[in-house]
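Since the structure comes first, as structure tokens, the remarks are kept for the end.
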Amino acid sequence: LGTFAKQALAARSWQAPGDARVRAVFDGAIQNVLTGRTDPRTALSRAEAEINQLFQAR
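Everything in the sequence shown is counted per my numbering, starting at 64 for the first residue and increasing by one.
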């Protein structure tokens, strides 16, 4: 617990470009894996790229 308590003093939340948009990216990635459209590694890679685009568009 000590490590977590110390980290809380320096922890910062990341500024999301919009919770709904980020959630939609993750939801899409999860659905693609669950339905067999893509493998988990590819889904995460695509989600990362989409979220990076959202940050750059800000």
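We treat Cβ as the ideally placed atom computed from N, Cα and C, and that holds for glycine.
Checklist line | Beta-carbon spacing of residue 84, residue 117 below 8 Å | finding: One-based indexing of the sequence shown puts residue 84 at position 21. One-based indexing of the sequence shown puts residue 117 at position 54. Yes, they are a contact pair.
Note to self: Suppose the cutoff is 7 Å on Cβ atoms and the five residues either side in sequence are ignored; what does the same chain contact list for residue 93 look like?
What the structure shows: The residue given as residue 93 occupies position 30 in the sequence shown. Same-chain partners within the cutoff: there are none.
Note to self: In whole angstroms, give me the CA-to-CA distance for residue 120 and residue 112.
What the structure shows: Position 57 of the sequence shown, counted from the start, is the residue given in the question as residue 120. Position 49 of the sequence shown, counted from the start, is the residue given in the question as residue 112. Cα-Cα distance, rounded: 12 Å.
Next item on the list: Excluding the 5 residues preceding and the 5 following residue 108 in the sequence, name in chain order all residues of the same chain whose CB lies nearer than 6 Å to its CB.
Entry: Looking up residue 108 in the sequence shown gives position 45. Nothing listed; no residue qualifies.
Item checked: Minimum Cβ-Cβ distance from residue 95 to chain D less than 8 Å -> The chain inventory of the structure shown lacks chain D, comprising one protein chain alone.
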